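*Asks:*
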Amino acid sequence: MDKINGQKSRQDGHGSSKGSQYKFQQPYWFMTLLRAKDRSILTEGVPALIDISGKSNQYLCKCFKRFLNKTPSRYINEKRIQYAKELLVNTGLPIIEVALEAGYDNLSHFYHVFKAFTDMTPASYRYTHLRGIFEKELISI
Numbered sequence: 001m002d003k004i005n006g007q008k009s010r011q012d013g014h015g016s017s018k019g020s021q022y023k024f025q026q027p028y029w030f031m032t033l034l035r036a037k038d039r040s041i042l043t044e045g046v047p048a049l050i051d052i053s054g055k056s057n058q059y060l061c062k063c064f065k066r067f068l069n070k071t072p073s074r075y076i077n078e079k080r081i082q083y084a085k086e087l088l089v090n091t092g093l094p095i096i097e098v099a100l101e102a103g104y105d106n107l108s109h110f111y112h113v114f115k116a117f118t119d120m121t122p123a124s125y126r127y128t129h130l131r132g133i134f135e136k137e138l139i140s141i
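In terms of full-length UniProt numbering, the numbers along the sequence shown are unbroken and rise by one, the last being 141.
(1) Judging by CA-CA distance, which residue of Glu101, Phe64, Phe67 is the nearest neighbour of Gln82?
(2) Express the C-alpha separation of Ser73 and Leu34 in angstroms, rounding to a whole number.
(3) Give me, in chain order, the residues of the same chain whose beta-carbon lies closer than 6 Å to that of Tyr104; leave out the 5 immediate sequence neighbours on both sides.
(4) Quick check: the Cα distance between Thr118 and Ala99, rounded to an integer number of angstroms?
(5) If I'm right that Leu68 touches Tyr59 with Cβ under 8 Å, what's the distance once you round it to whole angstroms?
(6) Under a three-way DSSP split, which group does Thr118 fall into?
(7) Do you know how far the Cα of Ile95 is from the Cα of Ala123?
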């Protein structure tokens with residue numbers, strides 16, 4: 001039997017199937033969770049995902065691996081770093097405040113994770129992207 005969209009199905013009368021790939025469709029609750037704009041996801045991390053979804057930690061981890069091929073922690077760090085990048089370019093907040101806003105209460109950890117995702121420090125990211133914006137504005141004048 002094959003699993004297609006999470007359901008068992010027979011391809012012929014003998015239970016054999018053509019092709020061995022499984023196709024998995026994300027459940028509605030999971031898609032809704034990924035679209036959630038709840039600030040607690042950034043600040044509280046995985047416990048917020050558990051609260052919002054109503055699922056167990058083990059089941060949530062299984063679904064993230066199955067549908068996104070990443071852990072919930074990796075997903076949250078991606079969201080946090082994306083938000084931090086937006087703050088660095090669009091605000092004049094000090095880096096410590098950016099870290100706190102993005103859900104990191106330890107500046108050293110924030111630097112470590114930020115550099116792992118972007119290959120640069122938060123300060124160099126801000127400088128590089130603001131410089132690019134200013135250069136575009138100068139060219140258009």
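Even glycine gets a Cβ: it sits at the ideal position worked out from N, Cα and C. Small disclaimer: the values here were computed from a predicted structure and weren't measured.
*Replies:* Result, derived from the coordinates:
(1) Glu101
(2) 13 Å
(3) Phe110
(4) 15 Å
(5) About 14 Å; that fails the 8 Å criterion.
(6) helix
(7) 7 Å
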